[in-house]
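Everything in the sequence shown is counted per the numbering used here, starting at 6 for the first residue and increasing by one.
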Amino acid sequence: MDSRLTISNQPIGVFDSGLGGISVLKELHKLMPNEEYIFYGDSANAPYGIKTAKQVYDLSKKIVEMFINHYHVKAIVIACNTATSAAASKLRQEYSIPIIGLEPAIKPAIEENPNGKILAMATPLTLAGKKFDDAVRKYQTDSEIIKVPAPKLVEFVEKGELDSKNVINYLHEILDNNLPTDAVVLGCTHFPFVKATIKKVVGDNVKFYDGGQGAAKYLQQQLFSNNLLNTSNHHAGKITFYNSNPDPSEIKLSKALYNLK
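Below, the structure written as structure tokens:
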């Protein structure tokens with residue numbers, strides 16, 4: 006018999022194409038420390054950003070099925086901008102539990118820099134998606150939005166390489182032609198882990214925006230309105246990491262990224 010007495014005691018499933026979604030997991034735990042979380046990194050299939058939308062949807066659906074049928078989660082956070090863009094709306098139609106996606110933080114970036122220059126860093130698939138263009142059209146004022154595809158950054162984070170010479174050289178390569186800038190949107194959950202390194206290239210006065218905090222607040226609202234917040238001490242604050250890559254170093258790196266200040 007399942008030891009969880011009510012749905013509200015059940016865990017929240019969080020997944021990403023790899024380890025970047027751990028930046029979102031940190032925001033979730035910060036806002037809702039009483040919840041139990043299961044994080045699944047699909048590192049064996051990373052990166053998602055260079056796959057087709059259909060491939061990303063199929064991979065995402067498989068993970069959602071596992072979360073629901075095996076771990077009995079009460080809600081799912083797609084902690085991946087690429088998977089949100091390719092799969093979230095369809096998955097919401099197919100499953101009844103709350104499924105929260107990641108929105109590139111275009112809205113706050115434009116609102117706070119109405120006449121500024123904004124660099125939107127993300128994977129090629131996110132930047133090519135309708136969801137991204139719709140957000141820009143919806144909120145754009147006199148700001149200048151420049152798309153900066155940065156697929157290699159995902160690979161660096163997946164290796165735990167956050168501030169090496171290779172990372173800095175790559176950032177110069179993709180950013181230098183667009184500097185100076187007023188703001189940077191981190192449109193991929195991997196990118197907050199290299200924020201300090203990006204700062205070295207763009208400068209300390211540049212403002213940064215990412216969607217992790219917004220997703221955490223939205224999930225909290227959804228759980229509250231559905232009476233699903235965990236009010237017991239059952240597994241409160243417990244976090245379990247899983248990964249599609251069986252190499253034990255993946256879990257070790259997951260925990261190291263989670264504990265990174």
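Note that beta-carbon positions come from the ideal geometry of N, C-alpha and C, so glycine has one too.
According to DSSP, simplified to helix, strand and coil, what is residue i?
i    : result
D252 : coil
E166 : coil
T245 : strand
V78  : coil
P103 : coil
L10  : Confidence at L10 is low in this model, with a pLDDT of 49, below 50, so its placement is unreliable and the value that follows should be read with caution. Note: L10 maps to coil in three-state DSSP.
L132 : helix
Near residue i, what residues of its chain come up, given a Cβ to Cβ distance below 7 Å and the 5 sequence neighbours on each side ignored?
i    : result
I68  : F20, Y45 and D47
L262 : L24, I27 and F198
L96  : S65, K66, V69 and I104
Between which two residues does the beta strand (DSSP E) containing residue i stretch?
i    : result
A125 : K122 to A127
E149 : E149 to P154
Starting from residue i, trace the alpha helix (DSSP H) in both directions and tell me its first and last residue.
i    : result
A270 : Lying before the first or after the last residue shown, residue 270 is absent from the chain, which here runs from 6 to 266.
A114 : I111 to E117
Apart from the five residues just before and just after residue i, which ones in its own chain have a Cβ nearer than 6 Å to its Cβ?
i    : result
L130 : G54 and T87
I83  : T89, A93 and G106
P103 : A80 and Q227
D168 : T202
G242 : P38
Note down, in chain order, each residue of its chain lying with its Cβ closer than 8 Å to the Cβ of residue i, except the 5 sequence neighbours on either side.
i    : result
H240 : N14, P16 and E41
Whole runs of the beta strand (DSSP E) within the region 179–218, excluding any shorter than 3 residues: List check, beta strand (DSSP E) in window: 188–191 and 212–215.
3 or more residues per run - each beta strand (DSSP E) lying fully within the region 12–57: For the region 12–57, whole beta strand (DSSP E) runs of length 3 or above, ordered along the chain, are 17–21 and 42–46.
The region 178–188 / the region 116–133 touching (three or more Cβ pairs under 8 Å): Yes, the region 178–188 is in contact with the region 116–133.
Meets three-Cβ-pair contact criterion under 8 Å: the region 215–232 and the region 138–148: No, the region 215–232 does not touch the region 138–148.
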